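Numbered per mature numbering (1 follows the signal peptide of the UniProt record, and there is no 0), the sequence shown spans residues -25 to -1, 1 to 1109. Just so you know, even glycine gets a beta-carbon here, dropped at the ideal spot from N, CA and C. These numbers were taken from a predicted model, which means no experiment stands behind them. Quick notes on the structure that follows.
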Amino acid sequence: MSRSRLFSVAFFLFLFAAVRLSAQAVNATMSGTIHDKTGAVIPGARVTVTNVDTNITQTVSASAGGEYNVLNLAPAHYRLDVEAPGFAHYVQTGITLDVGQKANQEVALELGASSSTVSVVADTNAVEASDATLSDVVTGSEIRNLPLNSCNPYALIALTPGFSGSVGNNYNSISYSINGSRQGYTDVLVDGIPGGFPTVNGNSGVGVFPSVDAINQFRVLGQNYPAEFGRSLGGILNTVFKSGTNAFHGSLFEFARNSTLDANDYFSKLNGKALPTFQRNQFGGVLNGPILHDKLFFLVSAELLRQSSAISTTTTVPTLLQRQGDFSQTFTSTGALVKIYNPFTTRANPAGGYMRDAFVGNKITSGLSKVGQNVMNYYPLPTATGNTLTGANNYFATSTEDNRIDGWDVRLDYTLPHNQTVFARYSDRFYDDTPQPFFPAAISKAESRIEQRDWMRNFVVDYTIAPSSHLLYDVRLGFSRALYDYLNAGLGFQASDLGLPTALNTGGGLPIFPVFAASGYVQLGNADNRHNAFMTYSLPQSLTWVHGNHTFKFGLDARLIRVNDRETRDTSGDFTFTSGFTQGPNPSTASVSAGNSIASLLLGTGTGDLIQNFKDVASQSYYYGAYAQDDWRITPKLTLSFGMRYDLDTPRTDRYNRINYFDPTAPSPLAQPSGITGLQGGLVFVGVNGHDRHQTNYDANNFAPRFGVAYAVDPKTVIHAGFGIVYGPSPQAAAGTVGPFGFRVQNTWVSTLDNITPYNTLDNPFPSGFQPVPGASQGLATGAGGQIEGFLRNTVTPYTEQYLLNFDRELPGNSHIQIGYAGNHGLKLQQSREGGIDFDQLPTSALSLGSKLNDLVANPFFGVITSGTLAAAQVSRGQLLKPYPQFTSVLPLFQPGGQTKYDSLQVKYDKRFGAGLQVNASYVFSKTFDTNTTHQDSYNPSADYAVASQHTPHRLVAGYTYQLPVGIGRHFGGQMPRALDALIGGWQVNGISTFQSGNPLQITASNVSGLGNPTEYANYDGTNPTLSGDIHKRLAKYFNTAAFSQPAAFTLGNSPAYVSRLLSPRLVTTDLSLFKEFHPYRETTLQLRGEAFNAFNHVQFASPNTSVNSTSFGQITSQANTPRQLQFGAKLLF
């Protein structure tokens, strides 16, 4: 056994033995002090808590200090009985416990005979007097009553204070943040085990979508959570399924949507385009009840969706003239002719720099690429007039998209003798998304279209035992699996049919239509085609020990994470075309009136891109989290919480050792043959040449202290404060991107040596053929001559520091208000290649060389490197000035260095259901800063520290339910005849209203720095770019575009990463529903529902175009939110 594996096993066994001692993560506790009317404590009082739905009881005795603590209470309705000699029997009813709640129930006994009874009805919305966690509970009644499009209960996460982003039905990723975190960092727990899965290096997706009637409730932990929770930088979504009761309950439901009553998109209506047809049927049922009364209970749930929607696209295709090389009618938005320059005339300008000649008459009469001309035949012909000047948006087409979802769940709960309980649940969900083609059938394989099929499975079994009333042990075994299939529409296409070399048919191992991405025009082909499986095995366990006024909790969370990745992307080529090769007269200067991407395609002059070969990857890692927590109830008014958690993500390994890492200081084997002294950098492969199997080193110092205080100023007012450190998932854990370079070969199209002069054209993009998959055989020389990517060996775990101070006040009418500050500081966050980091970028000091960076000089790697740009006799001067000149780019998959800062004022008002009214409302005023995820200078990402892309200054959201007080069981007419009730009784109104400011905009420019940096920002003159007035009158110019400009060649823009004063359009929307209830038989209820999403059809305009060189810069051309949609449903409850 390897030393690293031995360490992992030993560590696990050590923690297991030490801890063996996370039900409480799901279940609630109830504690308090027993005293008499004078305040004297009553030791030894008998306390019994009864679940009124299952008749399951727990009994404890008060301590010498009068304290009691009842553990492991499932979220449900309870009755509290307290008995003591010389005192009347105390009975408290109406107690509702939420998921993970630490409820405080103080009991004051009255003198009297034990045969007498004092009955009390609990306050259903008392303040949290013993828990300093900032969290929000979405109750079962809210889930069942509030309007939910697609019946997705997780949409109500949007009610949580600090929420930012959007919630949809996307299983692939979590597209929202909590309290300023980056999107995708929320951990998802379902019945106490991971209900999500890793997607891309730690970011989670959601794998379990419970049916609305199968879910009990969920709690969103936003800040200062107890030590039992970890591995999340963006809150925790803690969901609990319902369990059966002693009575049979169930529901049957059908929801239908039809576009006939829906509103049209703003721009479609403006342009006279009809609303696409849409049909959805969502139906199913839930049944729960007893198998053995008071002992064994079940729940089964099924939900199915069948949906067909007409979809449309408005895009740009080449005009008939452009397809023939005639650009004499191609104009800018101001009516200026877009001049086309001949890239094959590129030469040195005697005055300095370079120059090109324009095509006579703006028509390409020579140098046309055979492949480029053939590709034109796979673009559909224009079907719309388009813009009268630019011709943009000249293709409009409709199609259909079919969706299918089949989901079901089953849960069993069993109460065993001797204070033992067991429950098990299995969830299964299948999803299929099949879009039909927009292109005519003859060219449909050229369309960028994917069919997606997903299978989600989640299983948990839990065992708890309470050896005494002061001790509780819980252990769970969980398994989650997410399987993705992405099927490319271009499968089976022979690239040679386009005139490309025959070798491209199988160059990447699978024939597929190549990708042709011409900027400003519709993309042909799609790079994606894959089969991915994500699996998580989990074994959380905990021991809770009540000792006097201390509640100690110890636990271990162990997970095995596996990812099997089979990808066949870019297998026939991925070719990109911009205006760069046809702009001029100075080829280094970008202009909206020079150059066109279709002209570049017709000439076969694109940017260097690649064709890939893949080998399967099967990665895995372990996660261990150990914790200890003490909730010390010093007095009935004051509770202190102390916790410590330790988190460890072990570095990933691969079943076949098909992973590596980038070593920036390793001596390169190319140093001697190239004659470059001190040449460094390359990929180090695991499992060979004495290297261990782990891709990165262990980051083993992740200790996370937690502290919280809850102080009850009086029975209705509590102050909460806290501080904590929370570690997130490590990028070194098994995930979707693992750095398998060497087992995934990129064959670069060497289209230019100096970034301006054509070299190899599209007619023969790979004259040297394709590199075989070398594996680890080339060592540090792997990928030489092209782009490589990899992890750094020393990877650290990101974490956040959390701060909390708030005031919680109980108000009349079962309501309370919470006001306070919540903040956090994220550190060591990961920056990625997608975020714009290139270790091989030229230093900014090279900007002083200007156009000399493109001069061709002798190539020291000629004859040493045999493929890619560096196989030629000459190479650009800039290439040799790079830190790693043997590579064209060195992209780190992830590197630490990012940080976020979030400060907020949060106000929350909550009224639990009573007197027919329920309200859950919050307002947040916040500011979020981030180093952000795009960078202009790879060596100085901290320079991009600015307001974050997710920064949302103001957000007000309210969910509300109101039952009209007329009808059977209501305030007026409670005993009215059923016939009359059917007419005037049983009405209910529900809604969700959201008012939210926009997010900051990022203004970019054409990258003309010459550094090889990933992104270039525009120049900004510092003036206020916002414009006032009716937004409908500003769609053509949303902001002052004159405040931004294209930087000169070989310079960097001065605009911040995001402009704080320039926000996208705000969101104002309301979802409403109207219910009518009938009571056809005894306890049976028939509910008819009408729901309107975006009921008032308020348009939230999308962000404007933010590229300074775009013909639509500053223009808003689409709608961000969905126009009004109506849904009708029926639900039979029994």
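Can the beta-carbon of A202 be found less than 8 angstroms from the beta-carbon of M510? For the purposes of this step, residue 202 is taken as residue 227 along the sequence shown, with counting starting at 1. For the purposes of this step, residue 510 is taken as residue 535 along the sequence shown, with counting starting at 1. It is not a contact, given that the beta carbons lie outside the stated cut-off.
Going by DSSP in three states, Y129 sits in which element: helix, strand or coil? Position 154 of the sequence shown, counted from the first residue, corresponds to residue 129. Y129 falls in the helix class under three-state DSSP.
Rounding to the nearest angstrom, what Cα-Cα distance links N368 and T290 in this structure? In the sequence shown, counting from the first residue as 1, residue 368 sits at position 393. In the sequence shown, counting from the first residue as 1, residue 290 sits at position 315. Between N368 and T290, the C-alpha separation is close to 5 angstroms.
Quick check on this structure: which residue in G973, A993 and L485 has the alpha carbon closest to the alpha carbon of F1076? By one-based count along the sequence shown, residue 1076 stands at place 1101. For the residues G973, A993 and L485, the minimum Cα distance to F1076 belongs to G973.
Close Cβ partners of G453 (< 6 angstroms) along its chain, the five nearest in sequence each way excluded: Here residue 453 refers to the residue found at position 478 when the sequence shown is read from its first residue. Closer than 6 angstroms at the Cβ level, and outside the excluded window around G453, lie I168, V435 and S513.
Alpha helix (DSSP H) segments (min. 4 residues) lying fully within the region 266 to 319: 295 to 298
Counting only the same chain and skipping the five closest in sequence on each side, list residues whose C-beta sits under 6 angstroms from that of A1095. The residue given as residue 1095 occupies position 1120 in the sequence shown. Only Q1075 and A1077 meet the Cβ criterion.
Can the beta-carbon of R633 be found closer than 8 angstroms to that of F718? The sequence position of residue 633 within the sequence shown is 658, counting from 1. The sequence position of residue 718 within the sequence shown is 743, counting from 1. Against a cut-off of 8 angstroms, the Cβ pair of F718 and R633 comes out as a contact.
Give me the Cβ distance between T903 and H929, rounded to the nearest whole Å; I'm assuming they're in contact under 8 angstroms. The residue labelled residue 903 in the question sits at position 928 within the sequence shown. The residue labelled residue 929 in the question sits at position 954 within the sequence shown. No, T903 and H929 are not in contact; Cβ-Cβ is about 12 angstroms, not under 8 angstroms.
Determine which residues share a DSSP beta bridge with K77 and list them. As a working note, residue 77 is residue 102 in the sequence shown. Partner(s): T4.
Taking 6 angstroms as the limit between beta carbons, can you name the residues of its chain near V102, skipping five residues before and five after? Taking the first residue of the sequence shown as 1, we reach residue 102 at position 127. So the qualifying residues of the chain are V693, D783, E785 and H791.
Pair within 8 angstroms by beta-carbon distance, F682 and G703: For this step, residue 682 is matched to residue 707 along the sequence shown. For this step, residue 703 is matched to residue 728 along the sequence shown. For F682 and G703, no; Cβs fall outside 8 angstroms.
For S572, decide whether its Cβ has a neighbour in chain C, counting only Cβ atoms nearer than 8 angstroms. The structure shown has no chain C; it contains just one protein chain.
Restricting to Cα atoms, I'd like to know which of L578, A751, Q861 and P715 is closest to N735. For this step, residue 735 is matched to residue 760 along the sequence shown. N735 has its Cα closest to that of L578, out of L578, A751, Q861 and P715.
Since E426 is in the beta strand (DSSP E), which residue starts that stretch and which ends it? Counted from its first residue, the sequence shown places residue 426 at position 451. Unbroken beta strand (DSSP E) run through E426: I425 to S443.
For N677, is the beta carbon positioned less than 7 angstroms from some heavy atom of the ligand ZN? In terms of ligand content, the structure shown is empty, and the ligand ZN therefore cannot be addressed.
Considering Cα atoms alone, identify which of Q938, A49 and S1039 is closest to F398. Your numbering for residue 398 matches position 423 in the sequence shown. The shortest Cα separation from F398 among Q938, A49 and S1039 belongs to A49.
Would DSSP call D106 helix, strand or coil? Position 131 of the sequence shown, counted from the start, is the residue given in the question as residue 106. Correct three-state label for D106: coil.
Just the C-alpha distance for G843 and Y914, rounded to the nearest angstrom, thanks. As a working note, residue 843 is residue 868 in the sequence shown. As a working note, residue 914 is residue 939 in the sequence shown. G843 and Y914: Cα-Cα distance of roughly 26 angstroms.
What residue range is occupied by the uninterrupted alpha helix (DSSP H) comprising V346? Working through the sequence shown from its first residue, we reach residue 346 at position 371. K345 to M351 is the extent of the alpha helix (DSSP H) around V346.
What distance in whole Å lies between the Cβ atoms of L46 and T4, which are believed to be in contact at a cut-off of 8 angstroms? Position 29 of the sequence shown holds residue 4. Position 71 of the sequence shown holds residue 46. Their Cβ separation, rounded to whole angstroms, is 5 angstroms, which keeps T4 and L46 in contact under 8 angstroms.
F223: which of K1008, Y370, T1059 and V95 sits nearest, CA to CA? For the purposes of this step, residue 223 is identified with residue 248 of the sequence shown, where counting begins at 1. Looking at the Cα atoms, T1059 is the closest of the given residues.
Within its chain, find whatever has a CB closer than 8 angstroms to the CB of Y796; leave out the 5 residues flanking it on each side and keep chain order. The count along the sequence shown starts at 1 and reaches residue 796 at position 821. Hits under 8 angstroms: Y778, L779, L780, N781, D878, S879, L880 and Q881.
Taking buried to mean at least 16 other C-beta atoms within 10 Å of its own C-beta, is K1106 buried or exposed? Against the sequence shown, residue 1106 aligns to sequence position 1131. Under this definition K1106 is a buried residue.
Tell me which residues share the same chain as G328 and place their Cβ nearer than 7 angstroms to its Cβ, disregarding the 5 neighbours each side in the sequence. The count along the sequence shown starts at 1 and reaches residue 328 at position 353. If we look at G328 and ignore the five residues flanking it on each side, its Cβ neighbours are N561, S563 and S826.
Going straight from the alpha carbon of A709 to that of Q595, what length do you get? Looking up residue 709 in the sequence shown gives position 734. Looking up residue 595 in the sequence shown gives position 620. Approximately 5 angstroms between the Cα atoms of the pair.
Within a Cβ cutoff of 6 angstroms, which residues of the same chain sit near N895, ignoring the five residues on either side of it in sequence? Walking along the sequence shown from the start, residue 895 turns up at place 920. L134, D885 and G934, listed in sequence order.
Is the region 941 to 954 touching the region 994 to 1007, taking contact as three or more C-beta pairs under 8 angstroms? no
Does the region 840 to 858 come within contact of the region 814 to 826, defined as at least 3 CB pairs closer than 8 angstroms? yes
Which of helix, strand or coil DSSP assigns to residue 1147: Look at the range of the chain in this structure, -25 to 1109, and you will see that residue 1147 is not part of it.
Under the rule that 16 or more other beta-carbon atoms within 10 Å means buried, what is G530, buried or exposed? Position 555 of the sequence shown, counted from the start, is the residue given in the question as residue 530. G530 comes out buried.
Applying the 10 Å Cβ sphere with the 16-neighbour rule, what's the burial state of Y1056? As a first step, residue 1056 must be located in the sequence shown, where it is residue number 1081. Burial call: exposed.
Kindly list the residues whose CB is nearer than 8 angstroms to the CB of F970, restricted to its own chain and excluding five residues on each side of it in sequence; keep chain order. Residue numbering aside, residue 970 sits at position 995 when the sequence shown is read from its first letter. Excluding residues within five positions, the ones whose Cβ falls inside 8 angstroms are H929, R930, L931, V932, R1041, L1042 and V1043.
Could you tell me whether the Cβ atoms of P489 and G548 are closer together than 8 angstroms? As a working note, residue 489 is residue 514 in the sequence shown. As a working note, residue 548 is residue 573 in the sequence shown. Yes; because the gap between Cβ atoms is below 8 angstroms, this pair is in contact.
Between the CA atoms of Q604 and L(-11) - distance to the nearest angstrom: In the sequence shown, residue -11 corresponds to position 15, counting from 1. In the sequence shown, residue 604 corresponds to position 629, counting from 1. Reliability of the predicted coordinates at L(-11) is poor, the pLDDT of 40 falling under 50, and the value obtained from them is presented with this limitation in mind. C-alpha separation (whole angstroms): 15 angstroms.
Three-way DSSP call (helix, strand, coil) for A918 in this model: To locate residue 918, count along the sequence shown from 1; it is residue 943. Of the three classes helix, strand and coil, the one that applies to A918 here is helix, per DSSP.
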